[in-house]
Amino acid sequence: VNHYLQNIKTKAHLNAFVEVYEHSALQQADLIDQKLVEGKAGKLAGMVIGIKDVLCYADHEANASSKILQGFQSQFTTTAIQRLIDEDAIIIGRLNCDEFGMGSSNENSAHGKVLNALDENRVPGGSSGGSAVAVQANLCTASLGTDTGGSVRQPAAFTGIIGMKPTYSRISRWGLIAYASSFDTIGTFTRTVKDNALLLEIMAGHDEMDSTSSRKPVLPYSQLLHFDKKAKVAYLKESIESHALQPEIKENTLSILEKLKDEGHDVQEVEFPLLEYILPTYYILTTAEASSNLSRFDGVKYGYRTPNAHNLESMYKLTRSEGFGEEVKRRIMLGTFVLSASYYDAYFTKAQKVRRLIKDFTENLLNDFDYIIMPTTPTTAFKFGEHSGDPVAMYLEDLFTVQASVSGVPAISIPNGKDAEGMPIGLQVICNSFKEAELFAFSKYLS
Ligand code: GLN
């Protein structure tokens with residue numbers, strides 16, 4: 025803990041941590057030392073973990089990196105975090121992110137931007153940028169993020185570490201401040217596949233506080249990492265041929281596929297005609313869900329309340345206009361529009377139907393193949409400000425990560441070399457629902 029606290033201080037300018045629980049982390053470490061002596065320590069004894077600022081931790085502040093939640097303290101602890109604590113993990117602090125998880129660069133945070141430790145002029149990715157940099161810069165052993173459309177996998181790719189999003193419903197969402205409830209998953213950042221697998225096996229499993237959490241048995245993923253079969257791997261023609269794809273990422277992805285072929289795996293190109301519909305579907309459905317989820321922040325129950333109101337209505341209006349950032353407001357407006365009576369069928373219902381097509385296609389493909397491989401992102405980490413004036417260019421960064429989110433299947437990003445400027449490239453592996461054990465084993469084999 026002391027080692028990490030020291031690193032956090034020397035690298036404070038990266039702005040990964042919003043709050044450091046110095047005192048309680050040291051206290052916790054002492055307690056665990058004692059338990060170790062007594063032979064009673066849990067499976068995560070001594071693992072030092074940072075948590076994204078959208079996960080509630082009782083009696084601690086959680087802001088979703090938004091002004092509107094300034095001063096908000098939760099009465100509850102996120103189930104996933106409680107399960108880590110029960111196994112003697114040490115929670116070292118709260119990590120910066122894009123406001124309510126909306127963004128791909130961590131530039132939309134009320135706590136300011138997070139710097140990529142490999143090149144401080146570049147973004148760390150988002151929305152879980154602080155969580156990624158905390159592991160990248162050695163500020164903790166592992167961290168929790170959330171992934172609604174790529175927010176764990178994309179920053180993992182941009183920072184050169186491992187980021188995993190499990191099957192939707194595999195980890196309880198109790199305690200996660202909602203962005204888009206039918207997409208949100210808690211995910212993990214680590215340096216090794218084994219640590220990642222271990223964290224999932226502890227956090228996963230049914231929780232009576234989240235009725236959507238799965239009752240399927242949880243496997244000891246960290247002990248199932250041996251891989252010795254011949255895999256059937258698909259790659260999507262449209263993803264490799266996409267004009268948005270940076271040439272070095274294409275090369276590195278193709279060379280992994282070649283290597284797999286040489287090793288006797290069955291690697292096949294598959295057409296995916298729905299690629300161009302993925303982003304519109306994702307952004308219609310998530311903004312719709314967000315506009316509904318974020319309606320609770322009205323100055324009455326949580327966090328910020330405007331000091332400038334003169335009656336009830338102006339209290340609501342001013343609190344929301346002063347409290348939410350620009351991107352969050354854009355999405356609330358977009359979401360409210362697609363849910364409005366006259367446009368509901370044209371946008372929301374239509375997008376639900378397209379979601380079904382994408383999900384069916386993906387699941388069918390994953391019945392025929394063990395894995396889908398594709399790049400995690402079309403580009404490596406870009407410079408600050410490069411996309412901030414153009415939301416559509418920013419949304420394009422999510423081109424390859426949203427398929428797994430729209431379909432609810434698990435996906436992981438593992439490092440796959442660097443580009444000419446030394447920035448890390450991520451390789452994404454996708455598997456069918458609840459096949460996390462197979463996903464980890466294959467990722468370990470690949471890495
Ligand atoms: N960049 C995507 C978005 O802005 C993904 C965010 C996320 O997964 N939380 O919606």
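In the UniProt record's numbering, the protein residues as written are 25 to 471. By construction, the Cβ of each residue, glycine as well, lies at the ideal position given by its N, Cα and C atoms.
The criterion of a C-beta distance shorter than 8 angstroms is not satisfied by S315 and L269.
Beyond the five residues adjoining it in sequence on each side, L79 comes within less than 8 angstroms, by CB distance, of A86, T102, A104, I105, L168, T170, G199, L200, I201 and I210 in the same chain, given in chain order. Here the distance from the Cβ of M126 to the nearest heavy atom of the ligand GLN is below 7 angstroms. Rounded to whole angstroms, the separation of the alpha carbons of P402 and Y28 is 33 angstroms.
Considered as a whole, the region 245-299 harbours 261-265 and 271-286 as its complete alpha helix (DSSP H) runs of no fewer than 4 residues, in chain order. Closer than 7 angstroms to some heavy atom of the ligand GLN: that describes the Cβ of T172. A Cβ-Cβ distance of about 5 angstroms is found for the pair G187 and R177, placing them in contact under the 8 angstroms criterion. With contacts defined as CB atoms closer than 8 angstroms, I73 and A181 fail to qualify as a contacting pair. Contact between the region 111-124 and the region 43-59 is established, with three or more Cβ pairs separated by less than 8 angstroms. Proximity to S152 across F124, C164 and T236 peaks at F124, based on C-alpha coordinates. In the structure shown, the three-state DSSP call for I56 is helix. Per the C-alpha coordinates, the member of L163, G150, A461 and E225 positioned closest to I32 is L163.
Within 10 angstroms of the beta-carbon of L336 lie fewer than 16 other beta-carbons, which makes it exposed. When Cβ pairs closer than 8 angstroms are counted between the two stretches, the region 376-383 is seen to touch the region 425-436, the count reaching three or more. Look at the beta carbons and you see the region 144-158 touching the region 404-411: at least three pairs across the two are nearer than 8 angstroms. In terms of Cβ geometry, I356 and Y259 do not form a close pair [threshold 8 angstroms]. Of the candidates I56, R194 and N276, the residue whose Cα lies closest to the Cα of I109 is I56. Burial state of D394 is buried, judged by a 10 Å Cβ sphere holding 16 or more other Cβ atoms.
In the same chain as A255, and ignoring 5 residues on each side of it, the C-beta atoms closer than 8 angstroms to its own belong to L284, H289, D290, D394, Y395 and F466, in chain order.
Relative to the non-hydrogen atoms of the ligand GLN, the Cβ of S175 comes within a distance shorter than 7 angstroms of at least one.
In chain order, L299, P402 and L423 place their CB closer than 8 angstroms to the CB of S266, counting only its own chain and leaving out the 5 sequence neighbours on each side.
Cβ neighbours of S437 within its own chain (closer than 6 angstroms, five residues either side excluded): R177, A180, A181, G187, T400, G450 and Q452. L470 and I280 do touch by the CB rule: their CB atoms are close to 7 angstroms apart, below 8 angstroms. Contact between the region 128-137 and the region 227-238 is absent: fewer than three C-beta pairs spanning the two stretches fall below 8 angstroms. Between the beta-carbon of I185 and that of R215 there is about 6 angstroms, and that keeps the pair under the 8 angstroms contact cut. With a cut-off of 7 angstroms, the C-beta of Y192 is classified as distant from the ligand GLN, since no heavy atom of the ligand falls inside that distance. I186 sits in a strand when the DSSP states are folded into three classes. By alpha-carbon distance to S338, the top candidate from G323, D414 and E62 is G323. Here T330 has G323, M339, L342, T343 and E346 as same chain residues with Cβ atoms under 7 angstroms from its own Cβ, once five neighbours each way along the sequence are excluded. In this structure, Y328 lies away from V378, with their beta-carbon atoms at least 8 angstroms apart. For the pair Y192 and A221, the CB atoms are not nearer than the 8 angstroms cut-off. If you check the CB distance, K468 and V217 come in under 8 angstroms.
In the three-state DSSP reduction, K35 falls in the coil class, being neither helix nor strand. Excluding its 5 nearest sequence neighbours in each direction, L38 has C-beta neighbours in its own chain below 7 angstroms: V138, L139, A141, V157 and A161, listed in chain order. Counting only residues of its own chain and dropping the five nearest sequence neighbours on each side, K59 has a CB closer than 6 angstroms to the CB of A65. Close CB contacts of A428 within its chain, under the 6 angstroms cut and outside five residues either way in sequence, are with A435 and I454 (chain order).
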